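First the structure, in the form of structure tokens, and then the observations on it.
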Amino acid sequence: LSRQVRNQGGYVYESEKMREVVAQAIRTARSDATVLIMGETGCGKEILADIIQSSSDRADQPYIKVNCAALPEHLLESELFGYERGAFTGADPRGKAGMFELANGGTILLDEIGEIPLAFQAKLLRALQNRQIIRVGGTKTVHLDVRIIASTNRDLKEMMQQSTFREDLYYRLNVLPLYIPPLRDRPEDIEVLVRHYLKRFNQKYKKSIMIDPLVYFKLRRYSWPGNIRELENILERWSVVFEPYTVIRWEQVSYVFTEELGRETGSQDNPYAKKTMAEIMDDYQREVLQWANREYGTVREMAQALDIDHTTIVKKAKRLGISLDRHRKDVT
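Residue numbers (the working numbering): 16 to 347.
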């Protein structure tokens with residue numbers, strides 16, 4: 016197809032906005048400067064961090080991911096900095112290396128950095144400034160050679176104004192900022208993401224589910240408060256509950272979305288309103304041929320599955336603007 020669909024480290028996108036974000040991420044990978052990734056929940060911050068790590072000179076070194084929101088406040092210091100034997104009741108008698116030590120020589124991802132309590136932020140700031148830590152209960156300094164990537168769905172500037180996030184820590188983290196726009200601000204990515212996940216789940220559940228063009232049109236108008244994670248979960252749900260060869264239509268799934276969106280019936284919201292019957296049939300044929308092109312290995316296999324002559328497929332594909340170049344060697 017002529018569409019410029021990209022897949023970088025598992026990040027599938029078509030929009031110019033995401034092309035620039037991913038390009039910036041790869042550029043930041045060339046340095047060891049701290050990166051701060053910002054974006055709403057479910058927009059793929061961890062995947063972007065993975066792209067930075069895998070594109071860096073530290074790609075073959077340790078990569079430790081820390082979910083700061085999941086660590087209880089009383090365990091933050093011991094989990095991040097480690098502890099010596101006998102440091103506290105219940106501690107491992109051998110002591111334990113912290114996340115920063117485990118990441119030494121490589122990269123550490125501090126996910127949900129905005130959830131770190133204010134009381135611990137000063138200790139984290141010192142570790143980042145001095146590039147060294149001391150284990151809980153210890154006296155020996157551990158020097159760090161670690162690339163820092165932090166991510167958050169919180170507005171850290173607003174938190175600074177509310178005195179819940181240290182200003183000096185913010186500027187220590189915000190050396191190379193990256194912002195991932197929410198899915199609602201890049202609707203051109205929705206269709207390629209739907210196709211990507213639908214293909215994955217069709218393979219996982221051994222189905223051949225397709226989606227009616229009107230559904231694609233409606234999905235572009237939805238606000239996606241849960242972003243890519245919400246879209247992925249919805250598509251997996253559909254892949255599980257619908258029969259193997261279902262063509263999912265809007266009336267079957269509109270209840271999943273907002274009541275307002277589900278009731279939209281105006282001609283301005285209907286992609287068929289200004290199309291002839293021939294144009295509508297072309298849309299359906301294009302959708303079926305694109306699906307078959309992805310599903311089967313050759314034109315002959317496509318023809319057998321669709322029960323039409325393989326030369327007809329080639330002619331229709333050419334007329335509808337579908338590229339089958341990699342299959343034409345099978346046509347005689």
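Heads up, the beta-carbon is just placed ideally off N, CA and C, and yes, glycines get one too.
Remember, predicted model here, so these are calculated numbers, not experimental data.
Query raised in the report: Roughly how many angstroms lie between the CA atoms of Ile224 and Ala320, to the nearest whole one?
Result: Taking the first residue of the sequence shown as position 1, residue 224 is located at position 209. Taking the first residue of the sequence shown as position 1, residue 320 is located at position 305. Straight-line Cα distance between these residues: approximately 14 Å.
Query raised in the report: Rounded to the nearest angstrom, how far is the Cβ of Thr43 from that of Leu191, given a contact under 8 Å?
Result: Here residue 43 is taken as the residue at index 28 of the sequence shown, counted from 1. Here residue 191 is taken as the residue at index 176 of the sequence shown, counted from 1. Indeed, because the Cβ distance is near 5 Å, the residues count as touching under 8 Å.
Query raised in the report: Is Arg343 helix, strand or coil by DSSP?
Result: On the sequence shown, residue 343 is found 328 positions in, with the first residue counted as 1. Any reading at Arg343 needs caution, since the residue's pLDDT is 40, under 50, leaving its predicted position unreliable; the model's value is listed next. Of the three classes helix, strand and coil, the one that applies to Arg343 here is helix, per DSSP.
**Report entry** Cβ neighbours of Ser30 in the same chain (closer than 6 Å, five flanking residues each side left out)
**Finding:** As a working note, residue 30 is residue 15 in the sequence shown. Within the same chain, Ser30 has close Cβ partners Arg201, Glu203 and Asp204.
Requested in this report: Figure out for me which residue from Gln23, Arg315, Ile323 and Asn168 has the closest Cα to the Cα of Pro240.
Outcome: The sequence position of residue 240 within the sequence shown is 225, counting from 1. Closest by alpha carbon: Asn168.
Query raised in the report: DSSP on Ala44, reduced to helix/strand/coil?
Result: In the sequence shown, counting from the first residue as 1, residue 44 sits at position 29. Coil.
Query raised in the report: Within the chosen definition, does the stretch 151–166 reach the stretch 40–58 through at least 3 CB pairs nearer than 8 Å?
Result: yes
Query raised in the report: Can we say the stretch 245–254 touches the stretch 204–214, given the rule of at least three CB pairs closer than 8 Å?
Result: yes
Report task. With DSSP collapsed to three states, give me the class of Arg235. Result -> Mapped onto the sequence shown, residue 235 falls at position 220. Of the three classes helix, strand and coil, the one that applies to Arg235 here is coil, per DSSP.
Report task. If I'm right that Leu184 touches Gln136 with Cβ under 8 Å, what's the distance once you round it to whole angstroms? Result -> If you number the sequence shown from 1, residue 184 lands on position 169. If you number the sequence shown from 1, residue 136 lands on position 121. The Cβ separation is near 5 Å, so the contact holds.
Query raised in the report: Does the stretch 54–63 come close enough to the stretch 143–162 that 3 or more CB-CB pairs lie under 8 Å?
Result: no
Query raised in the report: Would you call Gln68 buried or exposed, if buried means 16 or more other Cβ atoms sit within 10 Å of its Cβ?
Result: Position 53 of the sequence shown holds residue 68. Counting Cβ neighbours within 10 Å, Gln68 comes out buried, since at least 16 surround it.
**Report entry** Sequence-distant residues of the same chain with beta carbon closer than 8 Å to Leu193, five excluded per side
**Finding:** Start at 1 with the first residue of the sequence shown, and residue 193 comes out as number 178. Once the five neighbours on either side are set aside, the close Cβ partners of Leu193 are Val36, Gln39, Ala40, Thr43, Val50, Leu51, Ile52, Met53 and Leu63.
Query raised in the report: Are the stretch 87–99 and the stretch 130–150 in contact at 8 Å, needing three or more beta carbon pairs?
Result: yes
Query raised in the report: According to DSSP, which residues form a beta bridge with Lys331?
Result: Looking up residue 331 in the sequence shown gives position 316. Answer is none; Lys331 lacks a bridge partner.
Requested in this report: Grab the span of the beta strand (DSSP E) containing Asp126 for me, first residue to last.
Outcome: Position 111 of the sequence shown, counted from the start, is the residue given in the question as residue 126. From DSSP, the beta strand (DSSP E) with Asp126 extends over Thr122 to Asp126.
Report task. Using DSSP bridges, identify the partner residues of Val27. Result -> In the sequence shown, counting from the first residue as 1, residue 27 sits at position 12. Answer is Asn22.
**Report entry** Pro228 versus Tyr237: straight-line alpha-carbon distance, rounded
**Finding:** Locating residue 228 in the sequence shown gives position 213, where the first residue counts as 1. Locating residue 237 in the sequence shown gives position 222, where the first residue counts as 1. Roughly 15 Å separates the two Cα atoms.
Query raised in the report: So is Glu296 buried or exposed if we call it buried at 16+ other beta carbons inside 10 Å?
Result: As a position in the sequence shown, residue 296 is number 281, starting the count at 1. Here residue 296 turns out to be Met, not Glu, going by the sequence shown. Exposed: under 16 other Cβ atoms inside 10 Å.
**Report entry** Where the alpha helix (DSSP H) containing Tyr78 begins and where it ends
**Finding:** Taking the first residue of the sequence shown as 1, we reach residue 78 at position 63. Unbroken run through Tyr78 is the beta strand (DSSP E), Tyr78 to Asn82; no alpha helix (DSSP H).
**Report entry** Cα-Cα separation, Ile226 to Met33
**Finding:** Along the sequence shown, one-based indexing puts residue 226 at 211. Along the sequence shown, one-based indexing puts residue 33 at 18. Each residue's Cα considered, the two are about 24 Å apart.
Query raised in the report: Between Tyr186, Val256, Ile263 and Gln218, which lies nearest to Leu234 when the distance is taken from Cα to Cα?
Result: By one-based count along the sequence shown, residue 234 stands at place 219. Nearest of Tyr186, Val256, Ile263 and Gln218 to Leu234, Cα basis: Ile263.
Query raised in the report: Under the three-state reduction of DSSP, which class applies to Pro228: helix, strand or coil?
Result: Numbered from its first residue, the sequence shown carries residue 228 at position 213. In this structure, Pro228 counts as helix in the three-state DSSP scheme.
Report task. Just the C-alpha distance for Ile243 and Asp72, rounded to the nearest angstrom, thanks. Result -> Taking the sequence shown and counting its residues from 1, the one referred to as residue 243 is at position 228. Taking the sequence shown and counting its residues from 1, the one referred to as residue 72 is at position 57. Each residue's Cα considered, the two are about 29 Å apart.
Requested in this report: State the beta-bridge partners of Met53 as determined by DSSP.
Outcome: For the purposes of this step, residue 53 is identified with residue 38 of the sequence shown, where counting begins at 1. Met53 pairs with Thr167 and Tyr194.
Requested in this report: Output the distance between the C-alpha atoms of Glu88 and Pro132, rounded to the nearest integer angstrom.
Outcome: The count along the sequence shown starts at 1 and reaches residue 88 at position 73. The count along the sequence shown starts at 1 and reaches residue 132 at position 117. Cα to Cα, the separation comes out at about 7 Å.
Query raised in the report: If you compare alpha carbons, which of Ile149, Asp298 and Lys333 is closest to Val314?
Result: Counted from its first residue, the sequence shown places residue 314 at position 299. The option with the nearest alpha carbon to Val314 is Lys333.
Query raised in the report: With distances taken between CB atoms, is the gap from Leu304 to Met317 smaller than 9 Å?
Result: For this step, residue 304 is matched to residue 289 along the sequence shown. For this step, residue 317 is matched to residue 302 along the sequence shown. Yes, the Cβ-Cβ distance between Leu304 and Met317 is below 9 Å.
Query - C-beta contact flag for Thr122 and Ile149 at 9 Å - result: Walking along the sequence shown from the start, residue 122 turns up at place 107. Walking along the sequence shown from the start, residue 149 turns up at place 134. Contact flag unset, no.
**Report entry** Host beta strand (DSSP E) of His158 (start-end)
**Finding:** Locating residue 158 in the sequence shown gives position 143, counting from the first residue. Here the beta strand (DSSP E) through His158 covers Thr156 to His158.
Query raised in the report: How should Arg309 be labelled, buried or exposed, when 16 other C-beta atoms within 10 angstroms of its C-beta is the threshold for buried?
Result: Working through the sequence shown from its first residue, we reach residue 309 at position 294. Flag for Arg309 reads exposed.
Report task. Check whether the Cβ atoms of Asn189 and Val161 lie closer than 9 Å to each other. Result -> If you number the sequence shown from 1, residue 189 lands on position 174. If you number the sequence shown from 1, residue 161 lands on position 146. In this structure, Val161 does not lie closer than 9 Å to Asn189 by Cβ.
Report task. Give the DSSP-derived three-state secondary structure of Tyr270 in the structure shown. Result -> Translated into the one-based positions of the sequence shown, residue 270 becomes position 255. DSSP places Tyr270 in helix when its eight states are reduced to three.
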